[in-house]
Structure formats: structure tokens, C-alpha cells
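These notes concern the structure reproduced below.
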Amino acid sequence: MSFPWAKPYEPKHPLMKWMDEKLPIPRLVYNATGPGYPVPRNLNYFWNFGVLAGAALMIQIITGIILAMHYAANVGVAFNSVEHIMRDVNAGWFIRYAHMNGASMFFIVVYLHIFRGLYYGSYKAPREMVWLLGVVIFLLMMATAFMGYVLPWGQMSFWGAQVITGFFSAIPIVGEPVRQWLLGGFVPDNATLNRFFSLHYLLPFVILGVIILHIWALHIPGSNNPTGIEVKDEQDTVPFHPYYTAKDGFGLGIFLLVFVALTFFSPNMLGHADNYIPANSLSTPAHIVPEWYFLPFYAILKAFTFNFLWIDAKLWGVIAMFASIALLFFLPWLDSSPVKSSTYRPLYRWFFWVLVADVLLLGWCGMQPAEQPWVILSQLGSIYYFAHFLVILPIVSRIERPLPMPNSITEAVLAKHAPDAASGPAAA
Amino acid sequence: MVRPLGFLVGLGFITALVLAIFTTPLSNEPNVAYSFVKHPRHVKLASDGLVPHWDKAQLQRGMQVYKEVCSACHSLNLVAFRNIQDLGYTEGQVKTFAKGFQVPSINPDTGEVATRDGLSSDHFPAPYANDVAARAANNNAIPPDLSLITKAREGGKDYIYSLLTGYQNPPANLPAELKPGTGLHYNPYFPNLNLAMAKPLNDGQVTYADGTKASVDQMAKDVTAFLVWTAEPKLVKRVQVGWAVFFFLLIFTVLAYLSYRNIWADKKH
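Residue numbers (numbering that gives the first Met the number 0), protein chains in the order written: chain A, 0 to 427; chain B, 0 to 268.
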């Protein structure tokens, strides 16, 4: 499960020896995130985001448990119970704003974590399982965030629930019954709010469980690194502790500074004004938009405006939106290039950055009303999104000629520090 | 297997999208109202920015405007009388203020519906018993509760201030279908251009105890400041605590950085 040179756990204190015989949790921690886990020495700052995502989840769980002590999941009082937290609960405004913006911070670090994986080929063999579990976590996060946004029972909560559960009614024949079954009624109401609260409390712990599997699967091959070259010997690695605990501590500081600035200085920047209006089933907001982290997918949903074949436009949109995430499950096999890191992939690198720009464009379009030029831009953006993963990537990985690569991580590191660094990685 | 199948699926989506592009008109249906709606004007308040404070004199004036003008139609359900101690009133003043309101209650002997004097723990009483009454009295539009109004509208406080000061005669070139109907009033800051609320503020409408001249602009600013407070009574405290947390974390981050550099000093990476 680890490299042969991993430092073995040797408890010295009698209590730790006793513990190690009965329940070796200290050994587990030592080997997972301590000196017993050798990690490539060349990880850059983009490798901080996994730990930061874990920190964001813990913040969400802690603030969430406290909020649940004061929140009431009933359509009659839910909105006012949130305002009670904001006004009357000691430091309630802080807990609630931290939870609200913590969700955004969680998505920011997870998106950076995902794009890190895309750039450096972390989804490829031998880490396919790490990637697959990661996509599962992403899906669970989206479900959790969506249901959490419904809980304050504001206008955007209600109409968001209406629109999102409406996707299911696009499915032929069974769609409408499935939607009613999910909602527990014909429209979002008390039954919906109660089940969303229950699931919103449950799913973070499911996420926690899948994260444990994600880390477990990671520890079998060990971490990827910016060269994408696998670890060969001891000098390629450093022990996780103290090297990466120290680096992650610094990363955590930066993360918390951004988080604090958002929570205390501009807590409603990423929210919608409409959600401070109590839910009203008789008054549709002029402009229903999901939270920012769903916008690219929302743009894909809205891009399909034509009834093609026997499938109508709405169903196309729903299928495409789910497919845009589901295709990530197939990514390790869509990309057949044996080279992981984009540093050595001159062609893929360009398409990667086009994808980044494309997702940002889709996010921007998702925020706009269904008017031109936003409709055509989201259509073009969606074309590139699907083309990137399903057409371009398989072809590029066939035809691309990778750049010369160093023989090992250490060689790459030493070449970088050589006095004549200009000759680059090919110097060897 | 994955790649050929993925290729076909991809072509399917792309074909549907290409057809969608060619069948969607590139021009928008013209929306004339857009050209008449104005962007909110900025209003500067003491509670703005990164070093906010409450201008208590202004908040007190704003509450007077709410009480004497807005409260005829608009509720303030989330605010309790005890909360207005934040505006610089003493506990005794709050009690007296609360007593001036009649709040819904029941007769303690017969259980019949009655009213009693307000207590500090009561919330501002609503002007209408229910939505039906509110609708009936206001040309079929329910006056919204004002507790959260500066957070519940795009443009926030600027929008509220602009709306209150923005009433004017419809411009001459306004198309007939956008002209205000019966019981509606033209205001270019309102997204629909015409709203059921008549111009609420007129010069000298209230008499300020501190001698401030009660112009429309002054009253609009004051009541906007008050409504920023009602929407988030913890706003100033929030930013103050934020700075303390921020500086604490800044020190933590610098120390974490130094320890990171120290630990890695002998390792090339």
C-alpha cells in the first residue's frame, strides 16, 4: 500500500504501544497523513486543494450542525427561523453566513482540484478509481448544495426546487410521477422541505465516507505530481509530515483569509436578492437562476432549443446536462495518451485552456436571461464542451507527439534548479 | 469501446446544438421598457464599506419616517421594539415607544380578540390583519414587508433610495402600453415602470426633532439607512469582528509560511 522506504510506525510510549495492539488508529494516521506516507517532492500549490476541500467539508458540517439546532424545517416558519438565527441567536449571523459562503468556498476549491486533475492527468492509470470516486463526491456535493439552498424557503429556494425537480418531468411517461414522488406532492411544499432537510443533513456524512474511499484509493498508487512521472525511488519523495502538513498549513491560511473576507465583508455577494423574499408559489421571480456553481451546467441545459429526432428540446437539455457530468466517469478511457502531465503534452495543453475558458463562458451565459447573444454563446460553448471530451480528447491523445520527458521526478527537480535552467526538462 | 461510443454520443449532442443554433433567431424581441428603466442612483451611508458605523441620529430620523409614513401600509415583522435600543434609545424610551402601539391580543377573561399596549418584546404591529385586507386596500398589490427590503431587491439600498426619490411624470415619448394605468404611478427605477405605490414622500412631510430639514431626498436617505439596519442589525458588528478575524489569520498565515519555508529549506522542489 505504500513505498518500501516509507517510515515504519514505531510507537515508543507504552500507552501508544498498548493502543497500537488494541486499535491501531495512530498507525493509520501515521501512515496516511504522517511521516509514513511518502509523497512526490515536487508538488506545486495546486496540490493544496484536496486538503482544502476536506477543510471546507468540515467547516460545513460543524456550522451546519449548529444551524440545525436553531432552524425549523416547516414551510410556515423556515424563513423566519433563518432570520431568527441572523438576529437573535448568539453569533448566529456568523454561523449562517459562514455556512452560506462555506458552500461557495467548497465549490471553488473543488473546481480548482478537478481542473488540477485535468491538467496533470491525475485521472489516468493507476489512479482511475481516485478520479471515479471524486466524480461521485462532486455529484453528492451538487445534490447537497441544491437541497441546502431550498431550506431557507425564500423565493429562489422555492422556484429553484420547482425548476430542478421539473427536469424529471421531461422524462417520457414516468417523468411526472417520478417528480411527484421526489417532491412528495404536486409542487414543492412541506413534504419537500422536510425530506430535503433530512437529506441535506445525511449527505455530507455520505460525502465524508466517499472521501475516505477517495483517500484510500489515492494511497495505493500514491499522489500524482506536476511531471506525471511515477515515483521511482526514495529521493523522489518526502514524508507527508512535516513537509506537506507545513505546506498545507500555509495553504489553509490563504484559504481562510479569502473565506473570512467573503463571509464578513461581502456575505451576500454570491447569493440572490430574491432569496430574502419568503417563498410564494403565486409569484414567479422575473429571473430564476441557480447558485453560481451550477451556472455552466444550467447554460448547457438552456442551450438545447430544438426538437431533434424524437426527443424534444427540454429533454435534450436535461440529458445533456446530466451527460456533461456523467462523461467525466469515462474520462480515464477517453484519453488514451500515456503521458499524464500537460507540461509534456504540447497539443492537449491548448485544448485544456480552451476548456477552462469555455466553462467560464458557460458560467457567464448561465447567469443571463434567455436572450441573444447569450443563447448562441451557450450553444457554441456547449458544442465545445462535448467536443472537447468526446471528440477532441480521444483524437489528440492519438496524434499528439509528447515532448521529451525527464527520467525521474528528482531529475526534473534538479534540472529546474540547475544554473542553466534555460535548457529545460530536455537537458537530461 | 468507450471512445467510439463517446464519439457517437458527442456527435449527437453537437448535431442537436448546431440545429438549435440555426433555428434560434439571432435578434431579440424588442423590449421597449428596457430603455426607460433607470439604473439605481448610489446613496452613501455611514454603514457602507469596510469601516462602517451606524449614524444613530439618521437611523432615528429614518424610523420616524417609517412610523409616520411607510407604516400606514408596510409591515416590519422581523423587528422587535427591543431592537431599537441599537438606535441609541434607552430601555425606558423603548418601553414608552412600545406602549404607543396597540398590538393584537386576546381578552384575558373572555378570550375574545382584543388589543393591548405594546411591550418591548413585541414586534412592530402590521398595518393589515392579513393579505386579503392588504390587497383590498392597495389596488390589488400587497405592500411588501420592509424588514429585509434592502437585501431583497437587486440594487439594495440604492434601489430603495432611488425608488423613493424617483417619482416623476411619464416622459412624452413613452409608448401608450407603458403608460401608467388606473391606480398606478410612473417610476423609472421600478423594473415594470409603473407601481401601485403612490409617491410616498413630499417635502416637509415629517417634522424632525433634531431640526433637520425634511426634504424628500433627506427623508429617503434616512429611511433607507433605517431599512439597511432593519435588514441586518448585525452589519456593523459583522465587519468589526471580520477585521479582528482577518488580522488574526494574517498572522497565522505568515507564521505558517515561515514554517513552510523553514521545513523545506534543505529540499529542492
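Built from N, CA and C at the ideal position, the CB exists for glycine as well.
Note that this is a predicted model, so its numbers are computed, not measured.
CB contact flag (A/ASN43, A/ASP247, <8 Å): no
A/PRO401 vs A/ARG344 beta-carbon contact at 8 Å: yes
Under the three-state DSSP convention, the category B/LEU194 falls into: strand
Straight-line gap, A/ALA52 to A/ILE299 (C-alpha atoms, nearest Å): A/ALA52 and A/ILE299 have their C-alpha atoms roughly 26 Å apart.
Sufficient close CB pairs (3 or more, under 8 Å) joining the stretch 219-233 of chain A to the stretch 91-109 of chain A: no
beta-carbon B/LEU162 near the ligand GDP non-hydrogen atom, thresh 7 Å: This structure simply doesn't include the ligand GDP, nor any ligand for that matter.
Chain A contacts from the stretch 144-158 of chain B (Cβ-Cβ distance under 7 Å): LEU147, LYS150, ALA151, ARG152 and GLU153
DSSP three-state assignment for A/PRO37, whether helix, strand or coil: strand
At least 3 beta-carbon pairs within less than 8 Å: the stretch 117-133 of chain A vs the stretch 57-68 of chain A: no
Euclidean distance between Cα positions of B/TYR158 and B/ILE105: Approximately 40 Å between the Cα atoms of the pair.
Near-chain B residues of the stretch 356-375 of chain A - C-beta to any C-beta below 9 Å: GLU370, GLN371, PRO372, VAL374 and ILE375
8 Å contact criterion, which A/PRO10 and A/GLY35 should meet: CB distance rounded: Not a contact, Cβ separation roughly 12 Å.
Cα-Cα separation, B/PHE80 to B/ARG260: 55 Å
Closer than 8 Å to chain B by CB, A/ASN89: no
Within 7 Å of chain A by C-beta, residues of the stretch 79-110 of chain B in sequence order: Those residues of the stretch 79-110 of chain B that come within reach of chain A (Cβ to Cβ, closer than 7 Å) do not exist; the list is empty.
Whole runs of the alpha helix (DSSP H) within the stretch 218-277 of chain A, excluding any shorter than 4 residues: 244-259
DSSP-derived helix/strand/coil call for A/ALA425: Confidence at A/ALA425 is low in this model, with a pLDDT of 47, below 50, so the placement of that residue should be treated as unreliable; the coordinate-derived value is given next. Helix.
Per DSSP, cross-strand counterpart(s) of B/ILE105: B/VAL112
Residue-level contact to chain A via CB, B/HIS268, 8 Å cutoff: Yes, its Cβ sits closer than 8 Å to a Cβ of chain A.
Rounded separation between A/PRO151 and A/ILE210 - CA only: 28 Å
Sequence-distant residues of its chain with Cβ nearer than 6 Å to A/TRP373 (five each side left out): CYS364 and GLN367
8 Å Cβ cutoff met for A/PRO295 and A/VAL355: no
Minimum Cβ-Cβ distance from B/LYS233 to chain A less than 8 Å: With 8 Å as the cut-off, B/LYS233 counts as an interface residue toward chain A.
The stretch 261-275 of chain A / the stretch 145-164 of chain B touching (three or more Cβ pairs under 8 Å): yes
Any chain A beta carbon closer than 8 Å to B/LEU118: no
8 Å Cβ cutoff, A/HIS416 in contact with chain B: yes
Beta-carbon proximity of A/TRP17 to B/VAL1, cut-off 8 Å: Cβ distance not < 8 Å, so A/TRP17 and B/VAL1 don't count as in contact.
Bridge-paired residues (DSSP) for A/PHE153: Contrary to the premise, residue 153 of chain A reads as Gly rather than Phe in this sequence. A/GLY153 is bridged to A/PRO277.
A/PRO69 - DSSP class collapsed to helix/strand/coil: The sequence shown places His at residue 69 of chain A, rather than the Pro named in the question. It is helical.
Close Cβ partners of A/ALA144 (< 6 Å) along its chain, the five nearest in sequence each way excluded: ALA102
Coarse secondary structure for B/ILE250, derived from DSSP in three states: B/ILE250 carries a helical assignment under DSSP once its states are collapsed to helix, strand and coil.
Cross-chain neighbours of B/THR223 in chain A, by beta carbon under 9 Å: Those within 9 Å of B/THR223 in chain A number zero; the least Cβ separation is about 15 Å.
Best match in A/GLY252, A/TYR70 and A/ALA319 for proximity to A/TYR200 [C-alpha to C-alpha]: A/TYR70
Any chain B beta carbon closer than 8 Å to A/PRO393: Cβ-Cβ to chain B under 8 Å: yes for A/PRO393.
Whole-angstrom C-beta distance between A/PHE303 and B/ALA15, which should lie under 8 Å: 6 Å
8 Å Cβ cutoff, A/GLY252 in contact with chain B: yes
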